[in-house]
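Going by our numbering, the first residue of the sequence shown is number 113, and it counts up by one from there.
For every residue, glycine included, the Cβ atom is placed at its ideal position computed from N, Cα and C.
What follows is a single structure, written as structure tokens, with notes after it.
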Amino acid sequence: MDKIIQFLEKNFVPVAGKMAAQKHLQAIRDGMVLSTPLLIFGSFFLVLGFLPIPGYEGFMAGVFGPEWLTKLLYPVNITFGLLGVFVSIGVAYRLAEKYKVDALSAGAVSLAAYMLLIPFQVPFTPEGAAEAVMVGGVVPTFLLGSQGMFVAIITAIFTTEIFRRIIQKGIVIRMPEGVPPAVARSFIALIPASISIGCVWLIRIIFEATSYETVFRFINTVLGAPLTRMGTGLGGTIVAVLFIHLLWAFGLHGANIVDSVMLPIWRQLSDQNRMVFQADPTAILPNIATREFLDVFILIGGSGATLVLCILMLRFAKSKQLKQLGRLSIGSGIFNINEPIIFGMPIVMNPLMMIPFILGPVVVTIVSYIALKMGLVARLAGIAMPWTSPILLSGFLASGGKLSVVALQMVNFLIMAVVYYPFFRIWDKKKLEEEKQEEAKSKTA
């Protein structure tokens, strides 16, 4: 075991540390967080629209009229439907912040470039005409949502890189002193913004001359489709869960690092489920592996499903240290905050506790994936929940009120208890012996 840890410390941890510090991956992760409160807000209305209560639909129709559901889902359509727009602004803004250039201008440029890539024209046949003509001004709204997210991310990075390089080279218009700062910043951004958007315009013209016709079709075919297939499979999900916990075991924030790569994929898969669920709550949803899949079934109490450890320490710990740690960590553990456990037990760099911390989540990932794949448990409805949502409540809401999801959460909790228990007892015995030795020393001192 020591040799394995030494190997990982030498070869794995440095690479993971570089990934964690990589500006573009950080910008993707932090930029996508911009949409999180909006998606949670929209999800609240999605839950209200499909409450699993007998007679609920009839009651709402009687009170608010036959169009009650359409009107109730307005916030859902606008929050989820503009996911690509939020990502375009957020990623560019966060990346520009890291380069210490005007982040607001970079976000505006990214959004303009993103909208420039969207084909605004559709075929239209005027009355009496023999052939269709292309008419502008019609926005294909599906490209503003999750379907356009990969293009939004790439466009944000591309335009911000051009924007900041031109500013850093000093190719800008500087106004004389006395000009209001807001006006001066707008002139500084003029040349970088023009060049950035101009490059994107040329890219659109080039793609229109190819068989792909649009950047969206190219990106979603060449990049989006393979990444989505990787994200939807059991193998890809296991690799993501394994990396999250390996990184945490060495003191790195595994969820943040993995999210910087996987969150765009998971968010798109979640939105596909949301659209199917919104159209028909009884339909079989297309995707199993989403970000909510991890939050609901795997990360119970935080990475490593350490809520189990809080309960074990409170109920079975004989050492004073672990008993006290259980009391201190149970409150935050219920809301999936587990740094007190990870660094206080500790799990980080602990050869004994690293084993169940890493392998346990892989086991429940396999169990959960198979249960959803076989139809034994309902798939999650793409409802964005705060990651601090407690166990059972998170499963009930994220699935649109499916009790099978709640039942699987309880099964996973018990599986993790079985996995952790023998290692916990060994660690508790070790701590108890250390405490007895300290007491003996204090008596002889």
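Member of the options whose CA lies at the smallest distance from the CA of residue i
i	options	result
Val145	Arg206, Asn385, Gln521, Val489	Arg206
Leu85	Lys432, Lys210, Val263	With the chain covering only 113 through 557, there is no way to say anything about residue 85.
Gly131	His365, Gly174, Val530	First, the residue type needs correcting, since residue 131 is Met and not Gly in the sequence shown. Of the listed residues, the one whose Cα sits closest to Met131 is His365.
Phe156	Leu509, Arg537, Thr333, Thr556	Leu509
Asp142	Pro376, Gly177, Tyr324	Pro376
Phe301	Gly219, Leu229, Val327	Residue identity differs from the one stated: residue 301 is Ala in this sequence, not Phe. Considering only alpha carbons, the answer is Gly219.
Val517	Leu526, Ile527, Ser506	Ser506
Phe299	Gln549, Ile283, Leu228, Tyr226	Ile283
Glu209	Ala139, Leu185, Ala361	Ala139
Ser200	Gly170, Met461, Trp360, Gly260	Gly260
Thr394	Ala367, Gly512, Ile446, Pro304	Gly512
Ile331	Cys422, Gly129, Thr418, Ile265	Ile265
Met528	Trp180, Phe162, Leu424	Leu424
Pro502	Ala417, Tyr533, Ala352	Ala417
Ser415	Leu504, Cys422, Ala321, Ala367	Ala367
Ala361	Pro452, Ile152, Phe171, Asn462	Asn462
Pro608	Gln134, Gly161, Pro178, Gly202	Nothing in the structure corresponds to residue 608, since the chain is present only between 113 and 557.
Phe409	Gly347, Pro149, Tyr481	Tyr481
Leu185	Ile165, Phe428, Glu169, Val159	Val159
Ser217	Trp180, Pro292, Ile303	Ile303
Tyr533	Ile467, Leu504, Glu550	Ile467
Phe198	Pro178, Pro149, Gly170, Gly167	Pro149
Asn450	Leu526, Leu504, Gly363, Leu163	Gly363
Gly310	Gly413, Ile274, Ser147	Ile274
Lys541	Pro338, Phe428, Thr556	Phe428
Met504	Gly413, Thr253, Thr556	It should be pointed out that residue 504 corresponds to Leu in this sequence rather than to Met. Of the listed residues, the one whose Cα sits closest to Leu504 is Gly413.
Contact check, residue i vs residue j, beta carbons under 7 Å
i	j	result
Trp378	Thr402	yes
Leu440	Lys543	no
Gly456	Leu426	no
Phe405	Leu464	no
Gly445	Leu411	no
Val475	Val353	no
Cys67	Ile454	This structure gives no information on residue 67, because the portion of the chain shown stretches from 113 to 557.
Ile269	His357	no
Asp214	Arg297	yes
Glu547	Lys432	yes
Ala483	Leu520	yes
Val531	Gly472	yes
Close beta carbons around residue i, own chain, < 6 Å, minus the five adjacent residues each side
i	result
Gly488	Note that residue 488 corresponds to Leu in the displayed sequence, not to Gly. Closer than 6 Å at Cβ, skipping near neighbours: no residue.
Pro164	Gly513
Tyr324	Phe330
Cutoff 7 Å; reference residue i; Cβ partners in own chain excluding five residues on either side
i	result
Leu397	Asn385, Val388, Phe389, Arg491, Ala493
Glu289	none
Lys485	Ile400
Trp499	Asp407, Asn448
Thr271	Ala204, Val221, Ser222, Ala225, Ser308, Val312
Leu151	Thr191, Phe192, Ala496
Phe355	Gly366, Val370
Lys212	none
Gly154	Pro187, Val188, Thr191, Phe192
Tyr168	none
Ala173	Trp180
Gly336	Phe262
Assigned exposure category for residue i - 16 Cβ within 10 Å defines buried
i	result
Gly176	First, the amino acid is wrong: residue 176 is Phe here, not Gly. The residue in question, Phe176, is exposed, as its Cβ has fewer than 16 Cβ neighbours within 10 Å.
Trp539	buried
Asp392	exposed
Thr267	buried
Lys514	buried
Thr322	exposed
Arg276	buried
Thr340	buried
Gln280	exposed
Leu359	buried
Phe319	buried
Ala305	buried
Pro452	buried
Leu526	exposed
Gly170	exposed
Ser554	exposed
Leu314	exposed
Close-in-space but distant-in-sequence residues of the same chain around residue i (CB under 8 Å, 5 per side omitted)
i	result
Gly257	Phe192, Gly193, Leu194, Leu195, Gly196, Asp383
Asn399	Thr344, Leu381, Ser382, Gln384, Asn385, Arg491
Ile317	none
Gly347	none
Thr333	Tyr324
Integer Cβ distance of residue i from residue j, believed to fall under 8 Å
i	j	result
Phe469	Ile459	5 Å
Leu228	Phe328	Actually they do not touch by this definition, with Cβ atoms about 12 Å apart.
is_contact[residue i, chain C] using C-beta, thresh 7 Å
i	result
Ile283	Among the chains in the structure shown there is no chain C, since it carries only a single protein chain.
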